[in-house]
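**Student:** Dropping the structure in here first, questions after.
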Amino acid sequence: MTTPERPWYRWYVLFILTLIYAFGYVDRQIVTILAPYLKKDLGVSDAQLGLLYGTSFALFYCVFGIPLARLADGWSRVRTLALGLSFWSLMTALSGLSRNFVQLGTARIGVGIGEASATPAAVSLLGDYFERARRGTVLALYSVGVYVGAGASLAIGGSIVSAWERSFGHGNAPLGLTGWQASFIGVGVPGMLFALIVMLTVREPTRGRLDTVPARKDPHPFASAVRDLGSMIPPWSWLRLQALGAPRREYARNFVYLLISVALVIVATWGTNQVLSAGRKAVIATVGGFDITSNLVQWVAIAVAFYVCSNWYQATRLGDAYAHRLITGSRTFAAVTVAGAFLAFAMNAVNAFVFVYASRTLGLTASAGLHLGIIAIIAGGSGISVSGYLCDWAKRKHAFGRLYFVCVTATAFSAASVVQYLTQNVTVFYCAYAVATFFVPMWFGPLQATTQDLVIPRLRGTAFAAFSLGPNIFGLGLGPYFVGIVSDASGDLRLAILSAIGVLPVSIGALLFATRSLLQGEADAHAELERFNAETRGDGYVEVGGPQLMH
């Protein structure tokens, strides 16, 4: 189906896609406002809160992100979005029926799987609705959904809990639900209804329309997605190596990946168990006299993520020459991903515990969620809107402008966050939170736009998913857990949060390293586009629209 000619329609599509992003962040972030009630009713520790907020979501978000991005690159992106939204909204609603940590963690896994479908498909759609010159701004506007959703999760979640406790504080609640359970259900159900609006009003544009020549459609999109998923999970990953004609050394390399994963589980679980007193080791279950702690679950999840991503890297290197040269084999792409990973580590660590810290240290109640939510929406939305214009301006002024821009904003976020978590004054806390939240979103759009300039059009969705591995596995998977484990071990949540902020200089170093090869990376993408056109011209499949080279 062709893109409608009406000029307003693409802005309507951007609005709908931004709302989908907001729904995702409401469902993802609502754990933060409900954390004190989860601790009270389910007896979870700070480390387990980090696991619920980050790891249980991030692992499956990443594992399914790549095959679902492949599906978005080859199938209907609108249907992919609508089905994903329906599924994760259902799993959010089911979170409200949880009676223990395991049930809630399982539901959070479902949220991660569903949300993995959304952004790759949305970014690909936006690439066909807006020309390249506007994509940095458009991606920044799209990312406003992050802060609308994050703010709404605080405001709506806190309001539902407060209203529920006022109305049903004497044990007469419907179905015996608590306030936090009602909050999960209350934010999950609307998402399922909104999926119908997506299906009925968003049109699938011709892929590659703004790149002059339409891109060829994958004749077997589901098979490609399943193949990508299988390439990450044994034994199918080994069969994939065989199908690719991999030499024996590749099987040995895969075995080394597996050994590293097992060693990570053993060493990291032992180490984190050692830093906790016996009373703080959260035991989920006991099997044959062996205690399964939340630390074990955490590191098994991280090890699985490492192994499946290693399998995907290996399969991509052997089976998709273009994806390997431009994504997995590009040092520029790697440096930008590392920068995003450490930025996400610090920012997710801070955001996961903002209300827990405020309630524990400053005595704020659930009603404060409305104040925090309004601040998040206004400050975060303003920051991300401004960042789109500023990063495009910076790119026009200097070849490395986007990367320098992120360095400056990361430094500003760090300074504001230090003030926020050192003050004992509620007003100063709110003000510093507003300043920090203003700068939080200013890294994602510029870095994502940078990675999109490093690939050819057919790899946009895959590039998004590949870049997201660092921020999601390392940033979301480890950041909140790091704060939780340090807090449990030291009894000092402030120290834990400030320690997480301390990793930001690594991001700045990675960005400065990326400037050394950025121009070459963009030139490589341009050359690969020419090569791809030459190889596929006989099939009637030509892509244009590589990066704009700046020298």
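Quick note: the sequence shown uses numbering that gives the first Met the number 0, first residue 0, plus one each step.
For glycine and all other residues, C-beta sits at the position ideal for the given N, C-alpha and C.
Small disclaimer: the values here were computed from a predicted structure and weren't measured.
Please report the residue range of the beta strand (DSSP E) in which T292 lies.
**Tutor:** Counting along the chain, the beta strand (DSSP E) containing T292 begins and ends at F289 to T292.
**Student:** On the DSSP bridge list, what partners appear for V286?
**Tutor:** DSSP output for V286 lists F289 as bridge partner(s).
**Student:** What number of angstroms, rounded off, separates the C-alpha of L51 from the C-alpha of A522?
**Tutor:** Straight-line Cα distance between these residues: approximately 42 Å.
**Student:** Are the CB atoms of A322 and L458 within a distance shorter than 8 Å?
**Tutor:** A contact, by the Cβ cut-off of 8 Å.
**Student:** Decide if V101 is buried, meaning its Cβ has at least 16 other Cβ atoms within 10 Å, or exposed.
**Tutor:** Label assigned to V101: exposed.
**Student:** From which residue to which residue does the alpha helix (DSSP H) around Q423 run?
**Tutor:** Q423 -> no alpha helix (DSSP H), and no H or E assigned at all.
**Student:** Please report the residue range of the alpha helix (DSSP H) in which S123 lies.
**Tutor:** Counting along the chain, the alpha helix (DSSP H) containing S123 begins and ends at A117 to Y128.
**Student:** Any chance you could list the alpha helix (DSSP H) runs of at least 4 consecutive residues sitting entirely within the segment 450 to 506, in chain order?
**Tutor:** Complete alpha helix (DSSP H) runs here, min 4: 459 to 468, 476 to 489 and 492 to 500.
**Student:** How about G382 and V147: are their beta carbons less than 8 Å apart?
**Tutor:** Going by C-beta atoms, G382 is not nearer than 8 Å to V147.
**Student:** How many Å lie between R226 and D290 at the Cα?
**Tutor:** Near 36 Å, if we compare the C-alpha coordinates of D290 and R226.
**Student:** Assuming S506 and F341 form a contact by the criterion Cβ under 8 Å, report the distance between their Cβ atoms to the nearest whole angstrom.
**Tutor:** Yes, S506 and F341 are in contact; Cβ-Cβ is about 4 Å, under 8 Å.
**Student:** If you drop the 5 nearest sequence neighbours on each side, which residues of the same chain put their C-beta closer than 6 Å to that of G111?
**Tutor:** Excluding sequence neighbours, G111 sits near F56, F59 and Y60.
**Student:** Indicate the three-state DSSP secondary structure (helix, strand or coil) for V43 in the structure shown.
**Tutor:** Coil, per DSSP.
**Student:** Is there contact here, the segment 152 to 171 with the segment 133 to 144, by at least three beta-carbon pairs under 8 Å?
**Tutor:** With a cut-off of 8 Å, the segment 133 to 144 and the segment 152 to 171 do not count as touching, because too few Cβ pairs lie within range.
**Student:** Report yes if the C-beta distance between A68 and L325 is below 8 Å; otherwise report no.
**Tutor:** No, the Cβ-Cβ distance between A68 and L325 is not below 8 Å.
**Student:** Anyone know if the C-beta pair for S182 and I376 falls short of 8 Å?
**Tutor:** In this structure, I376 does not lie closer than 8 Å to S182 by Cβ.
**Student:** Would you kindly check if the distance between the Cβ of N310 and the Cβ of T292 is under 8 Å?
**Tutor:** Not closer than 8 Å, so no.
**Student:** Among A81, S97, I283 and T360, which has the Cα closest to the Cα of Q419?
**Tutor:** The shortest C-alpha separation from Q419 is found at T360.
**Student:** If you draw a straight line from the alpha carbon of A570 to that of G49, how long is it in whole angstroms?
**Tutor:** The shown model of the chain, from 0 to 550, leaves out residue 570, and the question about it has no answer.
**Student:** Look at the alpha carbon of S88 and the alpha carbon of P66, and state the distance between them as a whole number of angstroms.
**Tutor:** Cα to Cα, S88 sits roughly 20 Å from P66.
**Student:** CA-CA distance, S123 and A409?
**Tutor:** Near 27 Å, if we compare the C-alpha coordinates of A409 and S123.
**Student:** Is A46 near I484, with beta carbons less than 8 Å apart?
**Tutor:** Their beta carbons are under 8 Å apart, which means A46 touches I484 by this criterion.
**Student:** Spatial neighbours of I374 within its chain, please: CB distance less than 8 Å, with the 5 preceding and 5 following residues excluded, ordered by chain position.
**Tutor:** So the list reads G150, Y429, Y432, A433 and T436, once near-sequence residues are dropped.
**Student:** Can you grab the Cα-Cα spacing for the pair S230 / S166, in whole Å?
**Tutor:** If you take the alpha carbons of S230 and S166, they lie about 52 Å apart.
**Student:** Measure from the alpha carbon of A117 to the alpha carbon of each residue in W7, G83 and T422, then state which is nearest.
**Tutor:** Comparing Cα positions, the closest option is G83.
**Student:** Sorted by chain position, which residues of the same chain lie with C-beta nearer than 6 Å to S161's C-beta, five sequence neighbours on each side aside?
**Tutor:** If we look at S161 and ignore the five residues flanking it on each side, its Cβ neighbours are A365 and S366.
**Student:** Exposed or buried, P6, counting other C-beta atoms within 10 Å across all chains shown (16 or more means buried)?
**Tutor:** So P6 counts as exposed.
**Student:** Measuring only the C-alpha atoms, how far is Q547 from A314?
**Tutor:** Confidence is the limiting factor: at Q547 the pLDDT is only 39, short of 50, which leaves the residue's position unreliable and the question unanswerable from this model.
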